[in-house]
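Novice: Line order of the protein sequences matches chains A and B. The opening residue of the first sequence carries number 16 in my numbering; numbering runs sequentially from there. The opening residue of the second sequence carries number 937 in my numbering; numbering runs sequentially from there.
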Amino acid sequence: MKLLRTLWESLRHWPLGLGLAGGVALVYGGLFLWLTGDLGGGGGGGLHATFPSWERVWEARGPFHFEPVGLIEAGPLVWTFSPVNTLVAWGLGLLLGTNLVLAWRLRRVSRICGWQASGSTLLSSLPALLAGGACCAPLVLIWLGLPLARALASMTPWLIPLATLLLLASLVYLTMALASSIY
Amino acid sequence: MNGSRSILVSLAALLLSASPALAGVPTVFPAEVPVGHTLEAFRQAVRPGGPGKDGIPSLDRPRFHSADAADAMLDDRDRVVGLYLEGEARAYPQRILVWHEIVNDELRGKPVSITYCPLTGTALGFHRGDSELGVSGRLVNSNLVMYDRATDSKWPQMLGVAIDGPLAGQGLDELRVIWTTWGAWKARHPDTRALSPETGHVRNYRRDPYGSYNPLSGYYLPESSRLFPVMAESRRLPPKATVLGFRTSAGAAAVTTHALRGEAVIDLAVGGTYYSVIHDAVLDTGWVVHNPRRSEIRVEDLQFGPQGVTGGGTEGLAAVNAFEAMWFAWKAFYPDTLLYQGEEQRP
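1) Between the Cα of Val1034(B) and the Cα atoms of Gly52(A), Leu18(A), Leu33(A) and Thr190(A), which residue gives the shortest distance?
2) Would you verify that the beta carbon of Asn1140(B) is, or is not, closer than 7 Å to some beta carbon of chain A?
3) Beta-carbon of Arg1112(B) versus every beta-carbon of chain A: anything under 7 Å?
4) Under 7 Å, do Val1071(B) and Ala967(B) count as touching if we go by C-beta distance?
5) Run through chain A and tell me which residues come within less than 7 Å of Pro1145(B), C-beta to C-beta.
6) Could you please tell me which residues of the stretch 65-88 of chain A, in chain order, have their CB closer than 9 Å to any CB of chain B?
7) If contact is defined by three or more beta carbon pairs under 8 Å, each pair taking one atom from either stretch, is the stretch 1230-1241 of chain B in contact with the stretch 1254-1261 of chain B?
8) Might you give, ordered along the chain, the residues of its own chain that have their beta carbon closer than 8 Å to the beta carbon of Leu18(A), omitting 5 neighbours on each side?
9) With three or more C-beta pairs closer than 8 Å as the rule, is the stretch 66-79 of chain A touching the stretch 1114-1132 of chain B?
10) Which residues does DSSP list as the beta-bridge partners of Asp1066(B)?
11) Going by beta carbon distance, what residues of the same chain come within less than 6 Å of Val1191(B), once the five residues before and after it are set aside?
12) Given that a residue counts as buried once 16 or more other Cβ atoms are within 10 Å of its Cβ, and exposed if not, what is Pro998(B)?
13) Taking C-beta pairs closer than 9 Å, name the residues in chain A that Gly1057(B) reaches, listed in chain order.
14) Examine the Cβ distances between the stretch 1003-1018 of chain B and the stretch 1150-1162 of chain B and report whether three or more of them are shorter than 8 Å.
15) Specify the secondary structure class of Trp29(A) as computed by DSSP and reduced to three states.
16) Taking C-beta pairs closer than 7 Å, name the residues in chain B that Gly56(A) reaches, listed in chain order.
17) For Gly1244(B), which beta-bridge partners are listed by DSSP?
18) Just the C-alpha distance for Glu1169(B) and Lys1122(B), rounded to the nearest angstrom, thanks.
19) Using beta-carbon positions only, say whether Gly1248(B) and Arg1234(B) come within less than 7 Å of one another.
20) What are the residues of the stretch 92-121 of chain A that lie near chain B, defined by any Cβ-Cβ distance shorter than 9 Å?
21) How is the alpha helix (DSSP H) around Lys1267(B) delimited, first residue to last?
22) If you reduce the DSSP assignment to three classes, tell me which class Glu1110(B) lands in.
23) Could you name each continuous alpha helix (DSSP H) segment of 4 residues or more that falls completely within the stretch 961-1012 of chain B, going from the start of the chain to the end?
24) Consult DSSP for His1036(B) and reduce its assignment to one of helix, strand or coil.
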């Protein structure tokens, strides 16, 4: 609870940080949906949405990948919309964004206080970045045609939970480091 | 007492006849195709493809619309898989198949499965009896491993022989389907109907996750790399060069599309007997006939109709199923295959 309060307090009065975390979440979530195939090209222009398959909302297509329930066309984009996939994408994006913003904040605090912690804060954001990328790595490799994709394909079921755990662990570490620097 | 027993027996018979899970796919035993590796070796070579079982959902209640309606979605150069059976023509657009890989269909009471594997560029049709085929989520030699919903036996699509499960070693009953373009299929079958994008699943049917056939790009480029390991390799052709392959109990053979287009008829000796591969210029595919006496095929007398090639000396010659495939996959399944690349290489 204390950690959550510290996290909230460190972001509550920092609109720029909140905005940055939200921005990263939006961009990462969009990229995630693009790479997993939910978002793609082929739109005929204009805005059009249909939701014919709500009964499939919990139907899994693969590990942590669910059936779309609707089709949203917006200009050149086509979004096969699954509420669950969208939650996963933006949830991971928010975790990644918060990690990056906290790492940045910690770096600034340590500079102001004259600590030597700036290297470790940058280092601490590395797992977050790697974890964020891991979710879509097999798809990127398939696009690039790299044989490594076959090794990652067998790991696919573990990538999203692994990424979530890494991001949460990194978030706890950063929040604790920030708390000790403030109090 | 007798009355109640007969009611029970009738009920049991009714339940058994109504349950598709209890009826199997029609099989051929022994399989009429060469099996280039042991079944154990195939089982060892199976890899997860990413999505789980039925993660790529087969279409089990397909809807069809007219060619005019399909024109709104399809360009004449778009790829389709065509089927002509019992006097009826149907087209299955590649851009729908790439998302489902299997269509469990029925034509005039005949249950069939139209199957497509994007990673090997192969389309094959099978009689499915009262059962259905589904996508297992596994691959061998990059090829779709299907399962049948009656026995859960595992069938690599290009092999057409079960490698695992109660039907291991048995072959599926194949039917010829045509890998061609929408424009060509319409020209041959003006009254064709086409698989509708109203599939019951929400997918972006305007986008192919692997690349494009129109224009050719991404994974489908001949020189691009394959993704998964294979059981046999050859560098005689680019990995994804298209070949027309056929296999019989005598062996397997493949001809390049380049050679097929260049020569109207190709005669091949496979396993001590002879076959003729006849180019169909409209559909840009080949028809294979068993020609054990090496009868002359008169090109000028050949006729191409809805059912394939007739006339020109093909009368009485048995048709052999053939299908297009990416070279790396054909070689992986049929390591002893004959490869014909053109007139200049004829022995």
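We put the beta carbon where it would ideally sit given N, CA and C, even for glycine.
Specialist: From the atom records:
1) Ranking Gly52(A), Leu18(A), Leu33(A) and Thr190(A) by Cα distance to Val1034(B) puts Gly52(A) first.
2) For Asn1140(B), the closest Cβ of chain A is nearer than 7 Å.
3) Contacts with chain A at 7 Å (Cβ-Cβ) do not include Arg1112(B).
4) In this structure, Ala967(B) does not lie closer than 7 Å to Val1071(B) by Cβ.
5) Here the neighbours are Gly52.
6) Within the stretch 65-88 of chain A, the qualifying residues are Thr65, Phe66, Pro67, Ser68, Arg71, Glu74, Ala75, Arg76, Gly77, Pro78, His80, Glu82, Pro83, Val84, Gly85 and Leu86.
7) Taking a contact to require three or more Cβ pairs closer than 8 Å, the stretch 1254-1261 of chain B and the stretch 1230-1241 of chain B do not qualify as touching.
8) Excluding the 5 residues flanking it on each side, Leu18(A) has same chain C-beta neighbours closer than 8 Å at Val187, Thr190, Met191 and Ala194, in chain order.
9) The stretch 1114-1132 of chain B vs the stretch 66-79 of chain A: no contact.
10) In DSSP, Asp1066(B) forms no bridge with anything.
11) Result list for Val1191(B): Leu1180, Ile1202, Val1213 and Tyr1276, in chain order.
12) By the neighbour-count rule (16 or more Cβ atoms within 10 Å), Pro998(B) is buried.
13) Against chain A, a Cβ distance below 9 Å from Gly1057(B) picks out nothing, because the smallest value is about 15 Å.
14) A contact exists between the stretch 1003-1018 of chain B and the stretch 1150-1162 of chain B.
15) Residue state, collapsed to three classes: coil.
16) By Cβ distance, chain B contributes Arg1143.
17) DSSP lists Gly1241(B) as the bridge partner or partners of Gly1244(B).
18) Each residue's alpha carbon lies about 37 Å from the other.
19) Yes.
20) Within the stretch 92-121 of chain A, Val93, Trp94, Thr95, Phe96 and Ser97 place their CB atoms closer than 9 Å to a CB of chain B, listed in sequence order.
21) If you look at Lys1267(B), you'll find it in the alpha helix (DSSP H) that goes Trp1263 to Phe1269.
22) Secondary structure of Glu1110(B) (DSSP, three-state): strand.
23) The stretch 961-1012 of chain B contains these whole alpha helix (DSSP H) runs: 975-981 and 1003-1007.
24) When secondary structure is reduced to three states using DSSP, His1036(B) falls in the helix class.
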